[in-house]
Every structure is written in C-alpha cells, then in structure tokens.
Amino acid sequence: MSWVRRIANLFSREDVDREIDAELRAHIEMRIEDNLAAGMTKEEARRDALVRFGSRSATKEKVAGIDAALALESLWLDLRFALRQLVRSPGFTVTVIITLALAIGANTAIFSIVNALMLKSLPYPHPERMGAIFARITGGDPFNGRTWIDGSQWEALRDNVPSLVAAVSGGTAAGVNLQAGQRVQYLHAGRISAHYFDVLGIRPAAGRNFTETEDRSHGPKSAIVSYGLWRTTFGADRDLVGQSILLKGEPYTVVGVLPEGSTPPLNADIYTALQPSRDGEGGGTNFEVITRLKDGANWQQADAELNRAWATWAAGRNDRHTGSHVTYYSVPLKQGQAAQLRPKALALMLAAGLILFIACANLAGLTLVRMARRTPEMATRLALGASRWQIERQLWVENLVLAMVSGLAAVGVGYAALRGLLSLLPVGFLPVASVPLEGRVLGFTLLVAVLTSVLFGMLPAYAARKVDLRSSMASRSVSGGDRLHLLQALIAGEVALTVVLLAGAGLLIRTLVHLQTLPPGFNAAGVMTAKASLDDARYHDPAVFNRLLASSILAMKRIPGVSNAAVGLTLPYERALNDSVAMHDGPQAGQDVQTNVVYVTPGYFDTLQIPLLQGRDFNGADGPSTQPVALVNRTFAEKFLPGTNPVGRTLSKNLMVVGVVGDIQLSSGLNPVAPLQNEETIYMPAAGESSNAQRRARLVSAQLDCAHCWTGGGVEG
Amino acid sequence: MAKNDLQGTLDLLVLKTLSQTGKLHGYGIVVHIQRASDDLLSVEEGSLYPALHRMEQSGLIASEWALTETNRKAKYYRLCPAGKKQLLEAEKNFEHLVKGVRAILRYA
Chain L
0 MSWVRRIANL FSREDVDREI DAELRAHIEM RIEDNLAAGM TKEEARRDAL VRFGSRSATK
60 EKVAGIDAAL ALESLWLDLR FALRQLVRSP GFTVTVIITL ALAIGANTAI FSIVNALMLK
120 SLPYPHPERM GAIFARITGG DPFNGRTWID GSQWEALRDN VPSLVAAVSG GTAAGVNLQA
180 GQRVQYLHAG RISAHYFDVL GIRPAAGRNF TETEDRSHGP KSAIVSYGLW RTTFGADRDL
240 VGQSILLKGE PYTVVGVLPE GSTPPLNADI YTALQPSRDG EGGGTNFEVI TRLKDGANWQ
300 QADAELNRAW ATWAAGRNDR HTGSHVTYYS VPLKQGQAAQ LRPKALALML AAGLILFIAC
360 ANLAGLTLVR MARRTPEMAT RLALGASRWQ IERQLWVENL VLAMVSGLAA VGVGYAALRG
420 LLSLLPVGFL PVASVPLEGR VLGFTLLVAV LTSVLFGMLP AYAARKVDLR SSMASRSVSG
480 GDRLHLLQAL IAGEVALTVV LLAGAGLLIR TLVHLQTLPP GFNAAGVMTA KASLDDARYH
540 DPAVFNRLLA SSILAMKRIP GVSNAAVGLT LPYERALNDS VAMHDGPQAG QDVQTNVVYV
600 TPGYFDTLQI PLLQGRDFNG ADGPSTQPVA LVNRTFAEKF LPGTNPVGRT LSKNLMVVGV
660 VGDIQLSSGL NPVAPLQNEE TIYMPAAGES SNAQRRARLV SAQLDCAHCW TGGGVEG
Chain S
0 MAKNDLQGTL DLLVLKTLSQ TGKLHGYGIV VHIQRASDDL LSVEEGSLYP ALHRMEQSGL
60 IASEWALTET NRKAKYYRLC PAGKKQLLEA EKNFEHLVKG VRAILRYA
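Respectively, the protein sequence lines represent chains L and S. First residue of the first sequence: 0, per numbering that gives the first Met the number 0; consecutive thereafter. First residue of the second sequence: 0, per numbering that gives the first Met the number 0; consecutive thereafter.
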C-alpha cells in the first residue's frame, strides 16, 4: 500500500516532518556521542557533527520532496500502463469512447440550456431584485402563472405600489419601416413604458431613457435605438441623439442609444414609448410586466402592496373571476422568464440522464466481459505479489482515462449538438440572449465523466476483488458463480432501464409524428408568403389603404406562374388578433364572446385552399358601403351556433355571417390552440375596415401578410 | 545495458549493509560503510536520508523506532523481500559497471 502511504504523506505533512526531524536529530546526537568517546571536547564534537551533516533543513526538504516525486511517478506509471492496455484493445476503447462521448455530449448540450435558463443569473445589475408578477387563482377556473395586465391594472400598479419600480412592454417586437435620410429599412420595434430600462438597470450609452411625459397617450414621439442599429444603419453617428427619423411614416426624435451588449427581455432594433392607455390595446391584457424592488423594500412588502392595489382596482370594475380568489405574487424575473420552459428543460435533462445511465450499464457489461478475459493476467500479477488494491487501482485508472478522453470528446459533441438544437428552435423561443458552453457547463461535463467512470467501473472493480487465485491460475477461464450473478443482475437492470426509455422514447416519437402529420387545415404546397409593415402614416387614409391592397394583389397575380394571391392580417400558425363579438343566438345569446379575428382579402381561402363548408366567400363587392359581412370557422359555428345554420345569423350590431370555413392551426408548437384543439375565429374583409376608425388603426398597427400561390413548374424552389 | 548511476550505488551500499547487519539506524549505516570499506568510502550524511526515505516509500526497506545501546530513540531500518530482490539486481548491475569501466581503462 505504499502508494496510499505516499499520498497520505503528502497530506499529513506535519507528522512526516516531525518524524524526519527526530530521525535527523538522533543521527547528530549519535555522532556527537561517538566524537566525545573519541576524545573531542564537547564543543568540537558538536561542530564536527554539524559540519559532517550539512544543512539539516535542506536535508529535511529533500527527504520530503521524495514523496511528491514518487507519488507522481507511480501515478504516471499507472497511467502509462492504462494507456498501453487501452491501445492494445482498440475496439473496446473506441466503443467506450464513442458511447460515452455521445451520452455525455447529450447531457452537456441539455445542461447548457438548463444552465442558461435556470442557473445563470440575468445580465442585469442586482438580478435578485428583479421580478415578474404571477397570479394564483383558486376556485372557478384555477390558474397559476405569469399574468399579463391591461391598461387600468397597469395604472394601479404604477401609482399604488411604492415598493416597486415597474414597467410594461407590449407583446413582441413588431415589424416597422424606418426611413433615415436616404435609407429605408424594415426592422423590429419594441414598445416599452417609461422606466423599462431603469428596471433592467440599463443606462443608455448616449442620451436618456423615456420620460413619463413621453409615455403618456399622445405624448411626444420619441425612440431609443439599439447599439446594433446605431452602428449599422446610423454609422455610429455621435450626434444621432436629438435627430429626427421617420418611423412608420411619422417623425420620431431619437432620445437615446443603448450600450453595447445590452440584452433586454424584449429584444428589438428600436424602441418606442408604449403610451399605455385604458382602451384600445390597453382594454385587454396585452402588457407584460417587469419590476425592480426599490432600495430598502422587500418582496413581502411589495406583494402586500400589490395585492392591495389590485384588490381596489378589481373592486372598481366587474371582476372577471367571479367566484374565484386571486392572489398575486412576485417571482424572480429569471424564474418568471423561464417558467414555461422549465418543465420541458427538466424533462429533457431527465431523458439525457437516462441515456447516460443506459450507456453506463452497457459499458459496465462490456468492461466486465473484458475483465473476464483479463483474469489470467490479474491472477498472474497477484501471484507475483501485487496487492489487490494495486490491481483495482489499475482498473480505476483505466476507467478514469476512458472517461476523461470521452469527456473531452463529449465537449465537442455537446457543442455540435447544442448548435443543432438551437438552430431547430424558433427565434426568440428561449428567453435568453445566448446559451454559452461556459465554465459551469464544462465543470458539469467533468463531473459527469468522473461519475460515469465510477458507475461503469464499480462492478468490474468489485469483480476484480473476487478473482480467485487458485482457480483462475489452474483453469485459465471464468466460471465463477458470483460473476454470473453479477452479470445477470446487470443485464436485468439494463433491460429494465432500456424498456422504460424505449417506451418513453417510442411514445414521444409516435406523438410527434402524429402531431406533425395532423392536417393543418390548409395546403402549404406551392405557397410563398411575404410580410410588409403597413403600420405607416401613409396608409391611415382608407382609400389609399384599399388602393394599395388592390394594386399589390393585382401585381402579384401578374407574375408568371402565380395562380392566386391574397392578403391577410395573419397567416396560419400566427397569433391572430383577439376581439369580442356580441352573440344574439345560441347558448351564449346576449353575451360578448372572445374570438380570433383575421382580416382578409377575397381569395384568401382559395389561395390557402381552406375549404369553404357553407355559404359564400368574400367578393369584391363586400366593402365599407355595403352590409358588413363575416365568415366564421367550424369551431366558432359548433361552439357558439350549434345545431343551427350559421349562415344568415347576425353578430354584434349588424355583422352578417355569410359562410363557414374549415379550421386551420393558429399556432406552431404544442399549446392549447394547436394542433389538437382549435379556437373560434371569424374572418372579415380587409377592405371593409375603413368604416371603423378604431379597428382600422388596429389593423394597420400590425403587419399584413401576403400569400401568393405558385402553380406550374419552374419558379418555385 | 544496466541502470548505473551514483544514486544506484548508494542504494546498493545501504541495501548490502542492511542485509549484512539485519537492522540498523541511519547513523549506524554511515559508520558501517566507512568501517567496512577501511575508510575508503564515506557516505555524505545529508544525502543518505532522502535515499532511505525513497527506498522505504518504494517498499524496499521498512522502519521502526527502537532504542539504541545508549538508550537513545532511533529509527531502525531493515530489508523487505522486495529489497532483497532489488539488492541482487543492484549487485549484478554494479559488477557490470565495474567490468565495463575496467575494460575501458585497460583499452589501449
């Protein structure tokens, strides 16, 4: 056990030093005694002894240094032996390394996502003082999750919760047209309230944040530019602040430029003031809140104020959650941002962990078989006087070498897997700017590698302890009952694990295939789409807007090979507008119901080949001056007008249903509106919207999607 | 080619001394080597102890604390089986070295 002693020596330095010291002193004393016996004086005897010996402390150090050198040397020897052994069986080595690299690599990739989502702190100062607001609703329609708020609720939060600095943003960044000097550009604009960047702790590199005056309805139009846009479009112009730019066809004054590397949760090229109001957009829960705790306040205090403020707010209006109890609470912003993805990420982590387990079980079996072949070698070494520990140590070192090499390969595999995974996810799916392969992830990989070496090395090491010298030497074969039991247990465990994983994986894949092949309700073959922002002062005039639609559809239809073209506010898989309509028939008669609303031009359903089930499609005559008409989808008809013929019914004031169309998927991914369920939708003519000023404003405040259908060969890729 | 160096020679002397005397402390080894070589060889006392420690850690020799004739506590060393094997090896190597060096000295 000299190896252990040497290592132990390195750690119990003091004891060893004391012993060496005592030994050296004894030596000098004995020399002095002999010198005295030879007739020297006391003084001479002492000096002679010391001179002969030289520096005692130097000797002591030399003796101590031996330990470190020996420990390293023996480890080096073991390592070299291990490498030789592994090179001698390349099949085994390569199998183990590839298996482990894949398994550990998968874990590395998933862990880096978990790390970015849950462990890494947000890139803002004092992230622990930042929060998101969650609502817990009990009774009635239970709910527990992040809450979006409307305009009046925002005012209650802003004015009556002194412990928090709060800010809201409006949904996701939307496409807008920017005109700066000679340049015209389509970019993404985010709409944020005053203090949004104060909550994030982001100080503009130039200029300032929005003021409360700018954030009021009809306040001055101002914009804050992201660092990237300032560098590219504005050529890093130092005098940009104060200049006027044309955004959405209207002049905006640039008041600030964000610093380099700032990553707000709402990632956009340019920001404008949200100017939240109580009606229009603010009439619905369209605002997302972020908060920062003020100095000296704590979360309990803030939550109490919040609940008080919103209880007063709810009392002042018809509470939407009658018969249920709502409490609001703050959660750390990090957790709030990742709340939706958390179960998904953890499920993935679990799956990756199971894969690693199976890999370990497989490798344990493989190592055990290899061990069996090496039993004669071990028996020989034992017979030659090697200790069992030396043999076992050799096995451990071999396993560790394998695991470390695999771990290194796994970092590469993990990196590739992570890039692949991220490229599969839709842009903006993860609420973080980047998923780095950083120190913590590498540490995790190292830990997993060491852990696997223990996991798959444990059984072989245990088996090595059982090598029986006599029988192994005599028969040169293995038939130990013990070994057999071990193998059987291992195989049983492995099969059990595999069955669980296989069943899980099979279920997952079948489900995915099923969801993938569900009919989306329209025919995507040969359809090309394009997006343009009509949120522009030029199109506020209904006549101009209608002319634009008509002429662009005509132009698209003129392209050779295009058989059909249409324009819609949103396309399948896109989040549609939400609005309420009053019902006069069916189970909800007399009530307002929420529905998706899509404005389309005639030919929209033909272009996407969405089936017309009943009634008629829109035609060119439907417009502002005629009877307002709408089409409903099948879900709307079945839900709100069951058992009757929807065609000819009236919604709201005098909106007449003229037809029923098939359902389409409203969202990609798996969520309540797609692909297993559908939501009610009504379609209205885009051209008819000029009669209703407010609706028209909302129509043009989003983007219009054009779909053109290509037929025949050639053009389409 | 056998491994030959000065450290090897010191090891050989120590191992041989221990095989001849059974067990001995460091000072005793120094005195023994000097006496047995008719004062021709004197071990540098400062380098003896690192060598002893290394051989002990490598399992060639073992040690225990015991009292000397003059009732002083000292660390006594004795040979281990591995040390005996190492001694045979080292003696053979040394013979080779001596033969080799002598052949070179006589080469005309």
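Each residue gets a CB set at the ideal place from its N, CA and C atoms; glycine is no exception.
Sorting L:A272, L:V494, L:G279 by C-alpha distance to the C-alpha of G255 (chain L) places L:A272 at the top. The beta carbons of V631 (chain L) and M655 (chain L) sit no closer together than 8 Å. When DSSP reads this structure, T271 (chain L) sits in a beta bridge with L:R190, L:A222.
Cβ-Cβ distances below 8 Å link A193 (chain L) to A166, N208, F209, T210, E211, E213, D214, A272 in the same chain, with the five nearest sequence neighbours on each side left out; the list follows chain order. Put simply, the backbone Cα of R464 (chain L) is about 11 Å away from that of L394 (chain L). In the DSSP secondary-structure assignment, G255 (chain L) is bridged to L:G206, L:I223.
W64, T67, T69, R71, K72, A73, K74: these are the residues of the segment 64-78 of chain S whose beta carbon lies less than 9 Å from some beta carbon of chain L, given in chain order. As summarised for the segment 614-670 of chain L, the continuous alpha helix (DSSP H) elements at least 4 residues long and confined to that stretch are 633-639, given in chain order. For W64 (chain S), the enclosing beta strand (DSSP E) stretches over residues 60-66.
Neighbours of G7 (chain S) in chain L, taken as residues whose beta carbon is under 9 Å from its own, are absent, since the nearest beta carbon is some 16 Å off. Per DSSP, A565 (chain L) is one residue of the beta strand (DSSP E) stretching across 561-567. Look at I558 (chain L) here: in three-state DSSP terms it is coil, with no helix or strand label. In the structure shown, the three-state DSSP call for M403 (chain L) is helix. Secondary structure of S88 (chain L) (DSSP, three-state): coil.
Partner residues in a beta bridge of I552 (chain L), as assigned by DSSP, do not exist. One finds nothing in chain L with a Cβ atom closer than 8 Å to the Cβ of H95 (chain S); even the nearest lies about 25 Å away. Under DSSP, I289 (chain L) shares a beta bridge with L:A166. Contact with chain S is absent for V494 (chain L), since none of that chain's Cβ atoms lies less than 8 Å from the residue's Cβ. Between the beta-carbon of D616 (chain L) and that of P601 (chain L) there is about 6 Å, and that keeps the pair under the 8 Å contact cut. The Cβ-Cβ distance between A100 (chain L) and A408 (chain L) falls below 8 Å. Residue-level contact check: Y106 (chain S) does not touch chain L, since none of the beta carbons of chain L fall below 8 Å from its beta carbon.
Going by beta carbons, V659 (chain L) and A636 (chain L) fall inside the 8 Å limit. Each residue's CA atom was taken as its position, placing A502 (chain L) and L458 (chain L) some 27 Å apart.
Of the candidates L:D77, L:L568, L:F52, L:N114, L:L568 places its Cα closest to the Cα of K530 (chain L). Per the Cβ contact rule, the segment 65-74 of chain S is not in contact with the segment 28-40 of chain S (fewer than 3 Cβ pairs under 8 Å). With a cut-off of 8 Å on Cβ pairs, the segment 138-158 of chain L is not in contact with the segment 344-353 of chain L, counting fewer than three such pairs. Looking at the DSSP output, E60 (chain L) shares a beta bridge with no other residue.
Taking a cut-off of 8 Å for Cβ pairs, the segment 85-98 of chain S and the segment 90-110 of chain L do not touch, as fewer than three such pairs fall below it. Within the same chain, R291, L292 come within 8 Å of R128 (chain L) by CB-CB distance, once the 5 residues on both sides are set aside.
I663 (chain L) and T606 (chain L) have their C-alpha atoms spaced approximately 14 Å apart. Here DSSP, grouped into helix, strand and coil, assigns V498 (chain L) to helix.
Within a 10 Å sphere around the beta-carbon of E13 (chain L) sit fewer than 16 other beta-carbons, which makes this residue exposed. Sequence-ordered contacts of the segment 38-50 of chain S with chain L read E43, E44, G45, S46, Y48, P49 [C-beta pairs closer than 8 Å]. The beta carbons of M29 (chain L) and R34 (chain S) sit no closer together than 8 Å.
Bounds of the alpha helix (DSSP H) holding Y195 (chain L) are 195-199. Of the candidates L:R509, L:A57, L:G619, L:G619 places its Cα closest to the Cα of I552 (chain L).
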